[in-house]
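Chemist: Chains as they are written, first to last, in my numbering: chain A, 1254 to 1494; chain B, 1254 to 1494; chain C, 1254 to 1494; chain D, 1254 to 1494.
Protein chains: 4
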Amino acid sequence: MFKPIMAEFLSTALMIVFGVGVHCDTVLNGTKYHGSGHLFAITTWAFGISVCLFVFGGGVCMNPAMALAQCMLGLVPWSMFVPYAIAEMLGGLAGAVVAWLIYADAFEVSAGKVDGVAVRNIFSTNPLINDLPRSFFIEAIDTFVFVSGILSIAHFGGDNLLLVAVCVGILVWAVGMGMGGMTGFAMNQARDLGPRMAYQLLPIKGKVDNNWRYGLLVPGIAPFVGAACAALFVHGFLGIF
Amino acid sequence: MFKPIMAEFLSTALMIVFGVGVHCDTVLNGTKYHGSGHLFAITTWAFGISVCLFVFGGGVCMNPAMALAQCMLGLVPWSMFVPYAIAEMLGGLAGAVVAWLIYADAFEVSAGKVDGVAVRNIFSTNPLINDLPRSFFIEAIDTFVFVSGILSIAHFGGDNLLLVAVCVGILVWAVGMGMGGMTGFAMNQARDLGPRMAYQLLPIKGKVDNNWRYGLLVPGIAPFVGAACAALFVHGFLGIF
Amino acid sequence: MFKPIMAEFLSTALMIVFGVGVHCDTVLNGTKYHGSGHLFAITTWAFGISVCLFVFGGGVCMNPAMALAQCMLGLVPWSMFVPYAIAEMLGGLAGAVVAWLIYADAFEVSAGKVDGVAVRNIFSTNPLINDLPRSFFIEAIDTFVFVSGILSIAHFGGDNLLLVAVCVGILVWAVGMGMGGMTGFAMNQARDLGPRMAYQLLPIKGKVDNNWRYGLLVPGIAPFVGAACAALFVHGFLGIF
Amino acid sequence: MFKPIMAEFLSTALMIVFGVGVHCDTVLNGTKYHGSGHLFAITTWAFGISVCLFVFGGGVCMNPAMALAQCMLGLVPWSMFVPYAIAEMLGGLAGAVVAWLIYADAFEVSAGKVDGVAVRNIFSTNPLINDLPRSFFIEAIDTFVFVSGILSIAHFGGDNLLLVAVCVGILVWAVGMGMGGMTGFAMNQARDLGPRMAYQLLPIKGKVDNNWRYGLLVPGIAPFVGAACAALFVHGFLGIF
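So, in structure tokens, the structure goes:
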């Protein structure tokens, strides 16, 4: 039981090192890739997730919403839901701390020069336009497509873990670019709330309001709705799992 | 019979959520990825189609022109042609409505600030240079390559659905960038006319002429010509199907 | 015998439609993707070649230099070398004419507005810095890596045509970006001289000198040197074929 | 014994031709792809490594740190460690010389026009912010993820060399973009010190200080730490090799 929980923690942390890391890279001063844009960042999120699957195998969820869907489908025992979710949240927090350790010098030179909201958004997803119900709807839809996609890929991919991982990366690429522009495609409590907590705790200069209300209501809840719908859809309509 | 028709509807809708969605993302104000450019957009169209195949399997056409080619080759019964085409057209419409629901706040803040033609072109394909015969020729050629490519990929890929889906994405990537600059590579009645109808119906501010003449004559007809030639070519020259 | 020669003609033509097409797209006025840059263009060249292999299978050379290497290795009979090379050259010419037909309206609106040298370079490869011996060396090296790579990929890929085709695209991507900046990575007589002839023949306004001396001496000869070395290398050092 | 050592030399050289080459391409004047940005460059590094694996097979290390990890795991005999490391260092030097030969005309026209530090950084990795302990930590972490990833990919990929090579490219893509912005992701003595020596020796105009202290202390040592941890991790936690 220790190993899978540890794998959830480590894989989620690694995902966040890639994802928060690439936002540090493109947003902060003092990095080589400053200003490299959204294709650069979303490609890293997408294929950083592939790397997590390469390393930790196809069993990891890295996401409480995905864990919920897999519990509903009987792929993960319900008794593991809370341990997995806690490990993932802590992994999200730890990964953001590691990314901050990597980019700490860039945070230093960016203090007072890079907009405080942009620095906060390195960690957590926050929409440009404040509209809670719409954001909730978007995160639910995005997660529905995301979780349905992963489950289908796993179904069709069988034993070919590498191909499964590459296809999951491609899925994140497309969802991020096509459906992510309003909310930043959290689709995962651990991806949003873990790094949001890190922003709260880390000694970053010029902090702005951390928008917990948005974080808890939208990326905190909507992915469960989307993932539950996805579990029903893949089982009921696609007839897999 | 219900399931495959429903799959056509849903897969086409999902494709359009990706494709119209990414145009919202890059064209409208108020999105995070505003101005991310054509590589960003075409990558999303391309691998969004891969995702549709990951989820709905290799049997879906998502395109009346492709349905025609598959009927000609005996892969889909002729009795399904009209039901498929209708489901796909409705899917294209529904997908554009979902994309609009996701990006509705961005449409709002863009009203009067983003050029009306650019907003219309989020939905449908319209050339920069008005030349109906040339556009017809281009859409026929593009569809010929597109449909021939998919059929060959399906032939060589066999059971490996994930690899087939990735290769179809790569095909769309190359066709879009290399052959798409004049007409926007519709190659599909459902992709163009479904979202064009959505633009007609949705409460978008500052609408411009919807260019139905172009829509019906070029993306409405030319893809059938290209797809029929593709069916003859893969059967007669390549000797597959 | 007719079929493989026709396949050489058609596949080379298709490759050039992608490649010359994407240069039209990024260079000419009046296209949607004007100014999309080199990553956009090289990605299209790379994965356009994957598409040619998807459609025409792994047997096509699309390149007299590759045909030479395959003749040296006994993969193609020497009696086919001249017919293949002629079919490929004509394919290169035909493909450039098709690309011109697709983008003819953009050529029209670009006349006198886009630099004549840039328009010529849509078709053929010409270095920014005139240095024949250096360019010869570069094209030989590039072709050596390119042909060695394809032969190795074919060896390791076996029957998995789709994966082979994707990997060849990845190879072209890397060679184009990493080794292509001085000469434009022709690596193929049919890719350079076919479209160069098309530029000579087509009614394009404001033509500039067509640089045949460069075309014939560098992309006309150096790829044979690189490909012959590649044949010796894969046979003698890698021990394949 | 000669063949594998020669393969280390040649594969490392080829990797550096891609990597140093693409930096020439984007940094120097007189190249076609000048200013193409970091996505362009990192994509080339990533998939250039895939090409090296396509050509030389899955056995090559191309990296003394990777050789160390494989010796620790019993995949490479310890007696080969020093010969491999020397061959790799010389390969890194030779590859940088070949890249310089390819781009020599561009070096010429860039003299006095492109910043001397930018020219030096074509060859070797040097951080924008001088902080030795932080850089050491970053290079150790990056190498840990890099080597763990490759070993896992090799484990899951088995005989499918092409898929393994593509996945290694994807790994480098993600690590480079997400974790590379502070130090330039050397992760390899041969990649940094070989080209650094080439910069020392080649007749480049306007040379700046070559920063050997950084080169020897950070990319010279930290990758061994990261790779050793990776060997322990994949054996002890993942239970592979």
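Each residue gets a CB set at the ideal place from its N, CA and C atoms; glycine is no exception.
Leaving out five residues on either side along the sequence, give the residues of the same chain with a beta carbon under 6 Å from the beta carbon of F1399/D.
Modeler: Correct list, in chain order: V1428 and M1440.
Chemist: Whose C-beta lies closer than 6 Å to the C-beta of A1484/C among residues of the same chain, with five residues either side of it excluded?
Modeler: Once the five neighbours on either side are set aside, the close Cβ partners of A1484/C are A1322, M1325 and L1326.
Chemist: With a 10 Å radius around its C-beta and 16 neighbouring C-beta atoms as the bar for buried, classify P1386/C as buried or exposed.
Modeler: Flag for P1386/C reads exposed.
Chemist: Which residues of the stretch 1286-1318 of chain B have a Cβ closer than 7 Å to any Cβ of chain A? Give them in chain order.
Modeler: So the close ones are Y1286, S1289, L1292, F1293, T1296, T1297, F1300, G1301, S1303, V1304, F1307 and V1308.
Chemist: For R1373/A, would you say it is in contact with chain B, using Cβ-to-Cβ distances shorter than 8 Å as the test?
Modeler: Not one chain B Cβ lies under 8 Å of R1373/A.
Chemist: Compare the C-alpha of L1280/A against each of E1361/A, L1469/A, S1401/A and N1316/A and name the closest.
Modeler: According to the sequence displayed, residue 1280/A carries Val and not Leu. Comparing Cα-Cα distances from V1280/A to each of E1361/A, L1469/A, S1401/A and N1316/A, the minimum goes to E1361/A.
Chemist: State buried or exposed for M1254/B, treating a residue as buried only when at least 16 other CB atoms are found within 10 Å of its CB.
Modeler: It is exposed - the Cβ of M1254/B has fewer than 16 other Cβ atoms within 10 Å.
Chemist: For A1318/B and P1476/B, which I take to be in contact (beta-carbon distance under 8 Å), what is that distance rounded to the nearest angstrom?
Modeler: Correct: roughly 4 Å between the Cβ atoms.
Chemist: Within the continuous alpha helix (DSSP H) that includes H1291/C, where are the two ends?
Modeler: Run containing H1291/C: G1290 to F1309, per the alpha helix (DSSP H) assignment.
Chemist: Using CA coordinates, which residue listed in I1493/C, L1343/C, G1434/C and L1491/C is at the minimum distance from G1283/D?
Modeler: The shortest C-alpha separation from G1283/D is found at G1434/C.
Chemist: For V1370/B, is the classification buried or exposed, using 16 other Cβ atoms within 10 angstroms of its Cβ as the cut-off for buried?
Modeler: Looking at its Cβ environment, which holds fewer than 16 other Cβ atoms inside 10 Å, V1370/B is exposed.
Chemist: Roughly how many angstroms lie between the CA atoms of M1432/B and F1490/D, to the nearest whole one?
Modeler: Going by the C-alpha atoms only, they are around 49 Å apart.
Chemist: What alpha helix (DSSP H) runs, 4 residues minimum, are completely inside the stretch 1336-1383 of chain D?
Modeler: Qualifying alpha helix (DSSP H) stretches, in chain order: 1369-1376.
Chemist: Under DSSP, the alpha helix (DSSP H) around I1457/D begins and ends at which residues?
Modeler: Note, I1457/D: premise wrong, no alpha helix (DSSP H); not H, not E.
Chemist: Let me make sure I understand the geometry here. Which of M1315/B, F1390/B and K1366/B has the alpha-carbon closest to that of G1459/B?
Modeler: Answer by Cα proximity: K1366/B.
Chemist: Quick check on this structure: which residue in E1261/B, H1408/B and D1278/B has the alpha carbon closest to the alpha carbon of T1436/A?
Modeler: It is D1278/B whose Cα lies nearest to the Cα of T1436/A.
Chemist: Check whether the Cβ of V1350/D lies closer than 8 Å to any Cβ atom in chain C.
Modeler: So, not an interface residue.
Chemist: To which residues of the same chain is A1294/D closer than 7 Å at the C-beta, ignoring the five residues directly before and after it?
Modeler: Excluding sequence neighbours, A1294/D sits near V1275, H1276 and T1279.
Chemist: In angstroms with no decimal places, state the Cα-to-Cα distance between P1257/B and Y1337/B.
Modeler: The straight-line gap from Cα to Cα measures roughly 8 Å.
Chemist: Residues of chain C with a CB under 7 Å from the CB of V1419/D: which are they?
Modeler: Correct list: C1420 and I1423.
Chemist: For A1427/C and chain D, any beta-carbon pair shorter than 8 Å?
Modeler: Yes - at least one Cβ of chain D is within 8 Å of the one on A1427/C.
Chemist: V1313/A by DSSP, collapsed to three states: which one?
Modeler: Correct three-state label for V1313/A: coil.
Chemist: In chain B, which residues lie with their C-beta within 8 Å of the C-beta of F1409/A?
Modeler: Neighbours of F1409/A on chain B, chain order: F1307, G1310, L1414 and L1415.
Chemist: Is there a Cβ of chain C sitting closer than 8 Å to that of Y1452/D, yes or no?
Modeler: No - not a single Cβ of chain C is within 8 Å of the one on Y1452/D.
Chemist: For L1292/A, which residues from the same chain have a beta carbon less than 8 Å from its beta carbon, with the 5 sequence-adjacent residues on both sides left out?
Modeler: Answer for L1292/A: M1430, listed in chain order.
Chemist: Just mark G1492/D as buried or exposed, buried being the case when its beta carbon has 16 or more other beta carbons within 10 Å.
Modeler: Its Cβ having fewer than 16 others within 10 Å, G1492/D is exposed.
Chemist: Quick one: is G1288/B buried, meaning 16 or more other Cβ sit within 10 Å of its Cβ, or exposed?
Modeler: G1288/B should be labelled exposed.
Chemist: I'd like to know whether the C-beta of V1367/B is nearer than 8 Å to at least one C-beta of chain A.
Modeler: No - not a single Cβ of chain A is within 8 Å of the one on V1367/B.
Chemist: Would you mind giving the Cβ-Cβ distance between R1449/C and S1363/C, rounded to the nearest angstrom? I have them listed as a contact below 8 Å.
Modeler: Their Cβ separation, rounded to whole angstroms, is 19 Å, which puts R1449/C and S1363/C out of contact at 8 Å.
Chemist: Taking all protein chains shown into account, decide if G1422/C is buried (16 or more other Cβ within 10 angstroms of its Cβ) or exposed.
Modeler: By the neighbour-count rule (16 or more Cβ atoms within 10 Å), G1422/C is buried.
Chemist: My output table needs one value for Y1286/D: the three-state DSSP class, helix, strand or coil.
Modeler: Y1286/D falls in the coil class under three-state DSSP.
Chemist: Checking 8 Å against the spacing of the C-beta atoms, do F1300/A and W1426/D come in under that value?
Modeler: Cβ distance < 8 Å, so F1300/A and W1426/D count as in contact.
Chemist: Going by DSSP, what residue range makes up the alpha helix (DSSP H) through G1272/A?
Modeler: Note, G1272/A: alpha helix (DSSP H), F1255 to V1280.
Chemist: For a contact defined as C-beta to C-beta under 8 Å, what are the partners of D1278/C on chain B?
Modeler: Those within 8 Å of D1278/C in chain B are M1430, G1431, G1433 and G1434.
Chemist: Measure how close the beta-carbons of I1355/C and I1382/B come, nearest whole angstrom, since I'm counting them as under 8 Å.
Modeler: Contact flag wrong, Cβ pair sits at about 12 Å.
Chemist: Are the C-beta atoms of T1284/B and some chain A residue less than 8 Å apart?
Modeler: Closer than 8 Å: yes.
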